[in-house]
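**Q** Can you read through this structure? Questions will come right after.
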Amino acid sequence: METAGTSAAIVVNGASGRMGRMLTALLADSAQAHLHAALERPGHPWIGQDAGTAAGGAPLGVAVTDDAGAALKGADAVLDFTAPAATVALAGAAARAGTAHVIGTTGLAPDDLAAIAAAARAIPVVRAGNMSLGVNLLMGLTRRVAAALGPEFDIEIVEAHHRAKVDAPSGTALMLGEAAAHGRGVNLPDVSDRGRDGLTGPRAPGHIGFAAIRGGDIVGEHDVIFAGAGERIVLRHVATDRAIFARGALAAALWAIGRAPGEYDMADVLGL
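Sequence positions in the sequence shown follow the numbering used here and run 458 to 729.
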């Protein structure tokens, strides 16, 4: 485990994915952490290959494996941007290994969240739909504006992502919706409007609407619109480089190492 003056041992789950490759490259250049192990699903063609060369970089001396238990042995933290089923399985393995778990996976169902919460009784778990500093500041602003403006201002959240994204609304959009609902003092599931098609009738007062755009290679764009009579307030974050998420995830991992077991988010990491 990490001690003062040493480099943190980090595992990357989903090493072949977009974020997995970026995290591997980030760790290769980091003075604070190094790639301890790289995980992929059983049968993946990267199994047995060097994680650095498989990702298109220099050799790192770390072979990609499908053995989570072996990968987590001696690790300080694991970074996980994969799929719900893979994340839930890894949460249990991380809890058994005593390894901090940083989760950027989106599309988690209530049962998935319950399993992660159970793991967090044994280890620190940092989970966020978006790990960028800018987005987490936007969440704080959204909460404050929602609290300041009355229900005569309708709230709409519009998000755009690349064509390969499989879940909608995005995890970030839902985080922003939760922030707006918190500011209004309501529960998001009670006021969430996920889509409109056909003869929907007028907009329900007090609802928080969501719209999703998918196309091209859009990294991530989120608008929170407060629409009133004669005026609109638009809070916006645009991501142009996925590296912001990788840097945030590594910051979360370094923060989590040595923390007490429990569930945390980026607001905790950033002290917001």
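A virtual CB, placed ideally from N, CA and C, is assigned to each residue, including glycine.
So what's D569 in DSSP terms, helix, strand or just coil?
**A** Taking the first residue of the sequence shown as position 1, residue 569 is located at position 112. It is helical.
**Q** Counting only runs that start and end within the segment 516-561, where is the beta strand (DSSP E) found for 3 or more residues in a row?
**A** The qualifying runs are 534-537, 557-560.
**Q** Could you check if I560 is buried or exposed, using at least 16 other CB atoms within 10 Å of its CB as the buried criterion?
**A** Within the sequence shown, the letter at position 103 stands for residue 560. That one is buried.
**Q** Look up N593 in the DSSP assignment and say whether it is helix, strand or coil.
**A** By one-based count along the sequence shown, residue 593 stands at place 136. Helix at N593.
**Q** Could you work out which residue in G640, A520, H618 is closest to G601 when comparing CA atoms only?
**A** Counting from 1 along the sequence shown, the entry for residue 601 is found at position 144. Per the sequence presented here, residue 601 reads as Arg, with Gly not at that position. Nearest C-alpha to R601: G640.
**Q** By DSSP, does R660 sit in helix, in strand, or in coil?
**A** Translated into positions along the sequence shown, residue 660 becomes position 203. Note: R660 maps to coil in three-state DSSP.
**Q** Out of H664, L656, D654, R660, state which residue places its alpha-carbon closest to the alpha-carbon of P646.
**A** Working through the sequence shown from its first residue, we reach residue 646 at position 189. Nearest of H664, L656, D654, R660 to P646, Cα basis: H664.
**Q** Is the segment 574-588 touching the segment 536-555 in the sense that three or more CB pairs, one from each, lie closer than 8 Å?
**A** Short answer: they touch.
**Q** What would DSSP say about G628, mapped onto helix, strand or coil?
**A** Residue 628 sits at position 171 when you count from the first residue of the sequence shown. Helix at G628.
**Q** Which two residues bound the contiguous alpha helix (DSSP H) that contains D647?
**A** Position 190 of the sequence shown holds residue 647. That run of the alpha helix (DSSP H) goes 645-648.
**Q** Just list the residues that DSSP pairs G652 with in beta bridges.
**A** In the sequence shown, residue 652 corresponds to position 195, counting from 1. Answer is none; G652 lacks a bridge partner.
**Q** Is there contact between the segment 660-677 and the segment 613-625, where contact requires at least three CB pairs shorter than 8 Å?
**A** Contact between the segment 660-677 and the segment 613-625 is present, because at least three Cβ pairs lie under 8 Å.
**Q** Given that a residue counts as buried once 16 or more other Cβ atoms are within 10 Å of its Cβ, and exposed if not, what is L605?
**A** Numbered from 1 along the sequence shown, position 148 holds the residue referred to as residue 605. Note that residue 605 corresponds to Ala in the displayed sequence, not to Leu. Burial call: exposed.
**Q** Throw me the rounded Cβ distance for the A495 and A472 pair, which I believe falls under 8 Å.
**A** The residue labelled residue 495 in the question sits at position 38 within the sequence shown. The residue labelled residue 472 in the question sits at position 15 within the sequence shown. That pair is a contact at about 4 Å.
**Q** If you follow the beta strand (DSSP E) that I467 is in, where does it begin and where does it stop?
**A** In the sequence shown, the residue the question calls residue 467 occupies position 10. Looking at the DSSP string, the run of the beta strand (DSSP E) that includes I467 is 465-470.
**Q** May I have the straight-line CA-CA distance separating A668 from D698, to the nearest angstrom?
**A** Residue 668 sits at position 211 when you count from the first residue of the sequence shown. Residue 698 sits at position 241 when you count from the first residue of the sequence shown. Near 22 Å, if we compare the C-alpha coordinates of D698 and A668.
**Q** Here's the rule I'm using: 16 or more other beta-carbon atoms within 10 Å means buried, otherwise exposed. How should T657 be labelled?
**A** Locating residue 657 in the sequence shown gives position 200, counting from the first residue. By the 10 Å Cβ count, T657 comes out exposed.
**Q** Using the three-state DSSP reduction, which class does D725 fall into: helix, strand or coil?
**A** Residue mapping note: residue 725 aligns to position 268 of the sequence shown, counting from 1. Looking at D725 - three-state DSSP - the assignment turns out to be helix.
**Q** Given that a residue counts as buried once 16 or more other Cβ atoms are within 10 Å of its Cβ, and exposed if not, what is G715?
**A** Position 258 of the sequence shown, counting from 1, holds the residue named residue 715. Per the 10 Å Cβ criterion, exposed.
**Q** Cα-Cα, which of V691, G500, T629, A512 is closest to V469?
**A** In the sequence shown, residue 469 corresponds to position 12, counting from 1. Of V691, G500, T629, A512, the residue nearest in Cα terms is A512.
**Q** So, helix, strand or coil for R733, using DSSP?
**A** Coverage of the chain is limited to positions 458 through 729, which leaves residue 733 absent and any answer about it impossible.
**Q** If A636 sits next to N644, beta carbons under 8 Å apart, how far is it from one beta carbon to the other, in whole angstroms?
**A** Translated into the one-based positions of the sequence shown, residue 636 becomes position 179. Translated into the one-based positions of the sequence shown, residue 644 becomes position 187. Between N644 and A636 the Cβ distance is about 13 Å, and since that is not below 8 Å, they are no contact.
**Q** Is the beta carbon of G526 less than 8 Å from the beta carbon of H493?
**A** As a working mapping, residue 526 is identified with position 69 in the sequence shown. As a working mapping, residue 493 is identified with position 36 in the sequence shown. Their beta carbons are not under 8 Å apart, which means G526 does not touch H493 by this criterion.
**Q** Does the distance from the C-beta atom of A724 to that of N593 stay below 8 Å?
**A** Start at 1 with the first residue of the sequence shown, and residue 724 comes out as number 267. Start at 1 with the first residue of the sequence shown, and residue 593 comes out as number 136. Yes; because the gap between Cβ atoms is below 8 Å, this pair is in contact.
**Q** Please classify M609: is it buried, with 16 or more other beta-carbons within 10 angstroms of its beta-carbon, or exposed?
**A** By one-based count along the sequence shown, residue 609 stands at place 152. Checking the displayed sequence, the identity of residue 609 turns out to be Glu instead of Met. So E609 ends up on the exposed side.
**Q** To the nearest angstrom, how far is the alpha carbon of S464 from that of T539?
**A** Stepping through the sequence shown from its first residue, residue 464 is reached at position 7. Stepping through the sequence shown from its first residue, residue 539 is reached at position 82. S464 and T539: Cα-Cα distance of roughly 25 Å.
**Q** What does DSSP give as the partner residue(s) for P581 in the beta ladder?
**A** Taking the sequence shown and counting its residues from 1, the one referred to as residue 581 is at position 124. P581 pairs with G719.
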